[in-house]
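Chains as they are written, first to last, in my numbering: chain A, -5 to 269; chain B, 1207 to 1494.
Cβ atoms here follow ideal geometry from the backbone N, Cα and C, with glycine treated the same way.
Remember, predicted model here, so these are calculated numbers, not experimental data.
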């Protein structure tokens, strides 16, 4: 009987730990929504910042965030999906090259963003003379998100039934034709989920971006222009005490974007589950 | 037909190159991080660099000892609360909660992982720091504030990896234990957790790695004093914060010292990751 009572207490503790985590998450999101909502207006989204962000909106930082994210995806998606195709469709299984690649991907995934920032700064900004720019930041972010894209694409490709390949080869199709027409379409939802999650990481990154894309508030017109993303802008507004009100607004826009990205990733995950 | 063969071969080469890109990336990263950092470490001496508590870069004293202590203090304090909370939640999700509720919990955990570190830092600065200042004392910007924010941020890593490890314990273990008359919780404590031990340790180690490398959130809530903290309520500066704070204006040896700090972090994280990978591989070969 005593064990039963004890087990009840333990059950309560387990559920309590989950409740604490939910409360933390909802507390953070709720607080930022409540404090930030009054700052949000059409002008806040569409007007450029003025007086270092004390006044005006955050339009240039929204554009910079999207620009930087797209450049990094443009580089990382073909490389990541290409690597996954090579590993799963061309490489022989369990080779040393395959193991080295797996170890590389896991190591890349564990490197802190600040180290990526330092590398991007010394390699892209200084050594390749690209300066603080969308290009330097995009290349740095591309390396950061490459492991995620490769891994999710690999998982999606593995999940494509083996008959697709054998039937297609039996009909005389070449390997690349089979990949293009059968395997990639079947693996697409899984690959897309990885891309969306990576976009979320690129949107939220700050330590690596501040060292490689800079923190200029201007509107970036070309990839060689420096830029300040929303995440970096939030950091500047809060740390330099420029405007807490606008910091709340910026944080809210970031959170809404992240929740939306998460929602999209889940939609495409559900598509995977249905297949 | 011949044209077809050539394009097939070309595609294979292109795909092989993309596969090699990540290897190339890690080689270039290693070369540049070492090339920028190692000379200063050799000049100052590794022991002096790591353990000297005096960081006065403008006067030529490059000791990151206080920052090493700072990083360790904040990281360990964050693990103290997030590890038990994370593992409890992982057990709940894998063994106790109904499937549907586990699914909902995972969505929350994913979202927790998706929130950017600056947002956590901002929340910490606006809510946690004033709370500590008003109720516990000190300036609020402190080891404790850093530990709270960091702990939240590494919860997803701890939960996801331990949950997978617990869920991977073979069904027979549980069935046999229950058949022998153990209660559900006895079999969790005596059978399932010991079987999932190496996965749970991996979760903690990777969480530790994430915590030590985290930058912006910690930087925003810890006050960044270069003195060695004497209590949980004292301000502190971590290795990562130091890099971001001073990179903007550092030049010469000062800048190189910041790169050297990055080199140390890089070596530490790579060793941590390789150790986890190799022990997991060994574990798999043992049949665990």
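Please identify the residue among the options whose C-alpha is closest to the C-alpha of residue i.
i	options	result
residue -1 of chain A	B:1240, B:1446, B:1404, B:1391	B:1391
residue 103 of chain A	A:84, A:91, A:136	A:136
residue 1424 of chain B	B:1435, B:1476, B:1438, B:1446	B:1446
residue 46 of chain A	A:28, A:127, A:227, A:255	A:227
residue 1450 of chain B	A:213, A:30, A:208, A:214	A:208
residue 1419 of chain B	A:210, A:206, A:202	A:202
residue 1277 of chain B	B:1337, B:1416, B:1335	B:1416
residue 1235 of chain B	B:1224, B:1210, B:1469	B:1469
residue 1487 of chain B	A:107, A:199, A:239, A:97	A:97
residue 1215 of chain B	A:233, A:225, A:238, A:169	A:169
residue 1325 of chain B	A:224, A:236, A:258	A:224
residue 241 of chain A	A:251, A:250, A:230	A:230
residue 1360 of chain B	B:1388, B:1373, B:1255, B:1280	B:1280
residue 1430 of chain B	B:1218, B:1243, B:1274	B:1274
residue 68 of chain A	A:199, A:29, A:131	A:131
residue 57 of chain A	A:66, A:106, A:39	A:39
residue 1 of chain A	B:1479, B:1442, B:1464, B:1395	B:1395
residue 195 of chain A	A:256, A:147, A:53	A:256
residue 63 of chain A	A:75, A:36, A:129	A:129
residue 219 of chain A	A:155, A:75, A:61	A:61
residue 245 of chain A	A:258, A:262, A:198, A:85	A:198
residue 1259 of chain B	B:1433, B:1321, B:1409	B:1433
residue 263 of chain A	A:181, A:252, A:250, A:247	A:181
residue 30 of chain A	A:259, A:268, A:249, A:258	A:249
residue 1226 of chain B	A:243, A:107, A:99	A:99
With respect to the alpha helix (DSSP H) encompassing residue i, which residues constitute its N-terminal and C-terminal limits?
i	result
residue 38 of chain A	36 to 40
residue 96 of chain A	90 to 104
residue 46 of chain A	No alpha helix (DSSP H) holds residue 46 of chain A; DSSP gives it neither H nor E.
residue 1254 of chain B	1252 to 1257
residue 1313 of chain B	1305 to 1320
residue 70 of chain A	53 to 79
residue 1328 of chain B	1323 to 1329
residue 1338 of chain B	1335 to 1341
residue 107 of chain A	107 to 114
Go ahead and pull the three-state DSSP assignment for residue i.
i	result
residue 1346 of chain B	coil
residue 1399 of chain B	helix
residue 1262 of chain B	strand
residue 1267 of chain B	strand
residue 6 of chain A	helix
residue 1429 of chain B	strand
residue 1442 of chain B	strand
residue 1388 of chain B	coil
residue 122 of chain A	coil
residue 1230 of chain B	helix
residue 1436 of chain B	coil
residue 85 of chain A	coil
residue 254 of chain A	helix
residue 1404 of chain B	helix
residue 1376 of chain B	coil
residue 1456 of chain B	coil
residue 1236 of chain B	helix
residue 15 of chain A	helix
residue 1494 of chain B	Note that residue 1494 of chain B scores 43 on pLDDT, short of 50, meaning its location in the model is unreliable; the coordinates nonetheless yield the value given after this. Of the three classes helix, strand and coil, the one that applies to residue 1494 of chain B here is coil, per DSSP.
residue 1421 of chain B	coil
residue 32 of chain A	coil
residue 1213 of chain B	helix
residue 127 of chain A	coil
residue -1 of chain A	helix
message = So within the stretch 183 to 241 of chain A, which uninterrupted alpha helix (DSSP H) runs reach at least 4 residues, ignoring any that extend past its ends?
response = 201 to 206, 224 to 233, all fully within the stretch 183 to 241 of chain A.
ask   = Okay, do the stretch 134 to 152 of chain A and the stretch 183 to 194 of chain A touch, 3+ Cβ pairs below 8 Å being the bar?
value = The stretch 134 to 152 of chain A, when compared against the stretch 183 to 194 of chain A, does touch it at the 8 Å Cβ threshold.
Residue ranges of each alpha helix (DSSP H) within the stretch 131 to 181 of chain A, 4 or longer = Whole alpha helix (DSSP H) segments, 4+ residues: 156 to 164, 169 to 172.
Cβ contact (3+ pairs, closer than 8 Å) linking the stretch 1223 to 1242 of chain B and the stretch 211 to 224 of chain A = The answer is no - the stretch 211 to 224 of chain A does not touch the stretch 1223 to 1242 of chain B, with fewer than three Cβ pairs under 8 Å.
request  = Indicate whether the contact test is met: 3 or more Cβ pairs, each with one atom in the stretch 1295 to 1310 of chain B and one in the stretch 1338 to 1347 of chain B, closer than 8 Å.
outcome  = Short answer: they don't touch.
Segment contact, 8 Å Cβ cut-off, at least three pairs: the stretch 41 to 59 of chain A with the stretch 1351 to 1358 of chain B = Judged by Cβ distances under 8 Å, the stretch 41 to 59 of chain A makes no contact with the stretch 1351 to 1358 of chain B, as fewer than three pairs qualify.
request  = Report yes or no: do the stretch 76 to 90 of chain A and the stretch 147 to 167 of chain A share at least 3 C-beta pairs separated by less than 8 Å?
outcome  = Yes, the stretch 76 to 90 of chain A touches the stretch 147 to 167 of chain A.
ask   = Can you find at least 3 beta carbon pairs, one from the stretch 1381 to 1401 of chain B and one from the stretch 1312 to 1332 of chain B, that sit closer than 8 Å?
value = The stretch 1381 to 1401 of chain B is not in contact with the stretch 1312 to 1332 of chain B.
ask   = Can we say the stretch 105 to 113 of chain A touches the stretch 1250 to 1265 of chain B, given the rule of at least three CB pairs closer than 8 Å?
value = Output reads no: the stretch 1250 to 1265 of chain B does not touch the stretch 105 to 113 of chain A.
query = Are the stretch 1397 to 1415 of chain B and the stretch 1359 to 1375 of chain B touching, with three or more C-beta to C-beta distances below 8 Å?
reply = In short, these stretches touch, since the Cβ pair count reaches three.
query = How about the stretch 1363 to 1372 of chain B and the stretch 1453 to 1470 of chain B: do they share at least three Cβ pairs that are nearer than 8 Å?
reply = They do not touch, by the three-pair rule.
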